[in-house]
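Those letters in the sequence shown? Residues 297 to 471, per our numbering, in order. In what follows, a structure is listed as structure tokens, so that the remarks can point back to it.
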Amino acid sequence: MTKPKTLAGQLQEIGVKASDIAAVAVSHTHPDHIGNVELFPQTMLYVQKAEYDWPGEGGAPRFKPEHPVTKLEGDHDVFGDGSIVIISTPGHTPGHQSLLMRLPKTGAVVLSGDAVHFKDNWDNRRVPGFNFSKEETLASMQRIADILAKEHAQLWINHDKAQSDAQKKSPEFYE
Ligand SMILES: [Zn+2]
């Protein structure tokens, strides 16, 4: 839930202002994945309609109603060139989404979000009991597996500490 280095601090370190950011997407609306959305109050937010419309506690909205938003119903090619594609992977939550990045030097990478939590739960296709839909989660895992095979992509499992610890962190970057 907390990180020693904040996103705001990391952007400052590389000389990027929040207003420089053209697009923000969140994998889903669990609190450990949306805490920074309002760092970018003017930035277009890309989120699945099913997630946006999913009532929060006591029926509360998931996002500030005034935040600019594009409500997606499926995949979305963010820049129209296939370099960054939002992939619909429901199951963990109703409108969970993952991200396919086709990087010039690193190659294709899929960011799992919470479609997969840990390497063990990917390797064994285990679905956490608190997921919104087991069937959809399994279908989304298969979809990710198919994309990995087709794209020869790496899977970056965002909560897998061992994998994450081995990866470059800002201000370093992947090309
Ligand atoms: Zn989650």
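The beta carbon of each residue, even a glycine, is placed where N, CA and C say it ideally should be.
Since residue i contacts residue j with CB under 8 Å, what's their CB separation in whole angstroms?
i: residue 321; j: residue 395; result: 7 Å
i: residue 317; j: residue 466; result: Not a contact, Cβ separation roughly 14 Å.
Where residue i and residue j are concerned, what is the direct C-alpha to C-alpha distance, given to the nearest angstrom?
i: residue 420; j: residue 436; result: 14 Å
i: residue 331; j: residue 415; result: 24 Å
i: residue 397; j: residue 355; result: 34 Å
i: residue 328; j: residue 409; result: 11 Å
i: residue 343; j: residue 306; result: 23 Å
i: residue 373; j: residue 459; result: 27 Å
i: residue 382; j: residue 312; result: 23 Å
i: residue 315; j: residue 336; result: 7 Å
Which residue marks the beginning of the alpha helix (DSSP H) containing residue i, and which one marks its end?
i: residue 305; result: 303–309
i: residue 415; result: 415–419
i: residue 404; result: Segment 403–407 is the beta strand (DSSP E) holding residue 404; no alpha helix (DSSP H) there.
i: residue 360; result: That residue, residue 360, is in no alpha helix (DSSP H); it is neither H nor E in DSSP.
i: residue 438; result: 430–447
i: residue 348; result: 345–348
With 16 other CB atoms within 10 Å as the buried threshold, where does residue i fall?
i: residue 389; result: buried
i: residue 448; result: exposed
i: residue 362; result: exposed
i: residue 456; result: buried
i: residue 440; result: buried
i: residue 385; result: buried
i: residue 323; result: buried
i: residue 411; result: buried
Name the two residues that bound the continuous beta strand (DSSP E) containing residue i.
i: residue 319; result: 319–321
i: residue 398; result: 393–399
i: residue 460; result: It is not in any beta strand (DSSP E) - residue 460 instead sits in the alpha helix (DSSP H) that spans 457–461.
i: residue 382; result: 380–384
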